[in-house]
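Same order as they appear, the protein sequences are chains H and C.
Take 1 as the starting number for the first sequence in the numbering used here and just add one per residue.
Take 1001 as the starting number for the second sequence in the numbering used here and just add one per residue.
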Amino acid sequence: MIEVKHLVKRYGEKEALKGISFSVEPGEVVGLLGLNGAGKSTTMNILTGYISASSGSVTIDGRDIANEPAACKQQIGYLPEQFSFYPDMRVSEYLDFVCDLKGYPADRAKRKAHLAAICARVGISQMTGRMIRNLSKGYRQRVGFAQALVGNPKVLILDEPTVGLDPSQIIEIRQLIKDSGRESTVIVSSHILSEIQAICSRVIVIHEGRVIADDAPDRLMQNIQANHRLVIRVKGTQKEIESALGGIPKVRSVKPMPQRELGTQDVLVEGKPGADLRADVFFALARANLPLLHTYGGELSLEDVFLHLTGRDGAREEAL
Amino acid sequence: MNAIFKRELRAYFNAPLGYVLIAVAYFFTNYYYFTYNLYGNTTDFSTLYSMLFSVVLFLVPVLTMRLLSEEKRSKTDQLLLTAPVSRAGIVLGKYFAAVVVYLLAISGTLVDAVITSFVAPVDWPSVIGNFLGIALLGLALIAVCLFLSSLTESQVIAAVMGFAVSLFLVLVDAISYVVSGAFWKTLFSYLSFSARYEPFTLGVVDLPGAVFFLSVSALFLVFSIMTLERRRWM
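Given below as structure tokens:
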């Protein structure tokens, strides 16, 4: 559906994209993940034809966006990072204008039904008569989402769609994105890891203008196990825990953590990278008659994966 | 293009701007009509049209100042530039919307001519020649000011640059008298909008003048399209 090959974008001296390549199959929901300034928005701007790449190509449904921009743009619904609107327009006028822009048939009944379906889907049916400038941020974002859905595009490109929304609005927009994935191919960018994890079946990690990982979020996490680093809560004193765990050859250090529960002690147990400490820690504590109450930290968050991929893992471990 | 044209036209009349511009144009048209035609007891509209020249120079920058600059500032251009509409379509849609408002603004002169025709014979070829002249002048000025609007994100700067260019176009006649050298004299006299406009006020449909104004319009529309195109590569 979408084929991106060796995209390079230079802004003067600065090279924002340094040869990005990936392809997206129909019906996939793909997350572009990266820190601010990693090149996510630039990639999306090129995908939507807003800016041109310095070199490389983008094909959408087999058509090159540089050679057939209008045909490609017809397939795309785009929600920019900062959704901007005309302050003098009502929601219905705005969506009607977007229909005109995208060349949606002028047949009034057909258009009305199409817009009514979109408004119901994004939850703005009650707002169509309101001026967009008078809507709350959450509703404005939904109007932005609605305009992206006009014309039933095969590809939806959403640039940081939940930025600035409150938690309940974030959940609603995420659900909208998931639902859209049933009908369209979706590319959504974010610098929030949990968001990509919640929405996407695949994640492309971009860092300093390069793709550094491209996999399912779960598989990415499997690649980097962190069972060599555990935070445990034990009913006992720091000294007792240290002596119990000191006998395990794989354990490198046992550091005290702030106490969170009376009569217990939280400690960070670290072993050699790649080692799985869980069973050894359990048996050692059992032998010393020290009840193990909680174990944290064995599972990686996408954040750990990201830090690992961008080579900041070492720095983080040092900080710990 | 149609979508942009419709939106822009609606934008002029959703906000007071369109009404204010037309009202101001009608005010000055009728002021001159009163002082020259009614008070002077004449059906000759040439003086009225030549006085309107300076009014138009000040109206057009206000008419066009927000067209492209505001889209860029508020980032609404993202919607237009990612929609299946060509850059030429965007520029032409905006241009023609401004042209329609402009034609409505200067239409007061024709209304006055029609009213006059009920009480005295009006020299229609002269009125139509004059109207054509001021319409062509407007087409060219709108294209120039639209281009200026594409260069900046600030409506105020777009308007000020528009006024500066308008004033330059008035002063350029005087410059051609001051400069020495045949080349410069010819160049500045060629650039003069008022000299091109002059034959129309005599009721002559001046073909070179018409070609001049239409060429200026086309040239600056192409410049505006190129400015939008250039943004893609920056």
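Even glycine gets a Cβ: it sits at the ideal position worked out from N, Cα and C.
Of the residues assessed, H:Ala284 falls on the buried side of the cut-off, its CB having 16 or more other CB atoms within 10 angstroms.
The three-state reading of DSSP puts H:Ala146 in helix, counting H, G and I together.
Across the set C:Met1001, C:Gly1203, C:Ala1182, the C-alpha of C:Met1001 shows the shortest separation from the C-alpha of C:Ala1088. Scanning chain H for C-beta atoms nearer than 9 Å to the C-beta of C:Thr1082 yields Asn45, Thr48, Gly49, Tyr50, Lys73, Ile76, Tyr78, Pro80, Ile157, reported in chain order. For H:Ala70, the nearest CB of chain C lies under 7 Å from its own CB, placing it at the interface with that chain. In the same chain as H:Glu3, and ignoring 5 residues on each side of it, the C-beta atoms closer than 6 Å to its own belong to Ser23, Thr59, in chain order. Of all alpha-carbon atoms in H:Ser253, H:Leu268, H:His294, H:Ile248, the one lying nearest the alpha-carbon of H:Arg287 is that of H:Ile248. One finds Arg1010, Ala1011, Asn1014, Ala1015 in chain C with Cβ atoms closer than 9 Å to the Cβ of H:Asp88, taken in chain order. For H:Val58, the three-state secondary structure derived from DSSP is strand.
Going by C-alpha positions, C:Tyr1012 is about 23 Å away from H:Phe83. Under DSSP, H:Phe22 takes part in a beta bridge, and its partners are H:Val4. Looking at the DSSP output, C:Val1119 bridges to nothing.
H:Thr185 is bridged by DSSP to H:Val155. Beta-bridge annotation (DSSP): H:His294 is paired with H:Arg233.
For C:Ser1050, none of the residues of chain H pass the 7 Å Cβ criterion, the least Cβ distance being about 36 Å. If you check the CB distance, H:Met257 and H:Val267 come in under 7 Å. For H:Asp100, the residues of chain C that pass the 8 Å Cβ criterion are Asn1002, Ala1003, Lys1006, Arg1007, in the order they occur in the chain. Neighbours of H:Gly103 across chain C, judged by C-beta separation under 7 Å: Pro1084. Here DSSP, grouped into helix, strand and coil, assigns C:Tyr1095 to helix. DSSP places H:Glu208 outside both helix and strand once states are collapsed to three, so it counts as coil.
Here the segment 165-185 of chain H makes no contact with the segment 86-103 of chain H; the two share fewer than three CB pairs at distances below 8 Å. In terms of CA proximity to H:Arg182, H:Glu28 leads the group H:Thr43, H:Glu28, H:Ala275, H:Tyr11. For H:Asp280, the uninterrupted alpha helix (DSSP H) segment begins and ends at 278-287. Identification of chain H residues near C:Ser1074 by a Cβ-Cβ cut-off of 9 Å yields Ser84, Phe85, Tyr86, Pro87, ordered along the chain.
Contact with chain H is found for C:Gln1078, since one of that chain's Cβ atoms lies less than 7 Å from the residue's Cβ. Note on geometry: alpha-carbon atoms of C:Phe1147 and H:Gln175 lie some 43 Å from one another. Here C:Gly1108 carries a helix assignment [DSSP, helix/strand/coil].
Taking C-beta atoms under 8 Å as the contact rule, H:Tyr78 and C:Thr1082 qualify, at a distance of about 5 Å. Under a 10 Å Cβ-count criterion, C:Glu1229 is classified as exposed, with fewer than 16 other Cβ atoms of the shown protein chains found around its own Cβ. Taking a C-beta cut-off of 7 Å against chain H, the contacting residues of the segment 1209-1234 of chain C are Arg1232, Trp1233, listed in chain order. Secondary structure at H:Val163: coil, using DSSP grouped into helix, strand and coil. Beta-carbon to beta-carbon, H:Gly31 and H:Val203 are separated by about 5 Å, close enough to satisfy the 8 Å threshold.
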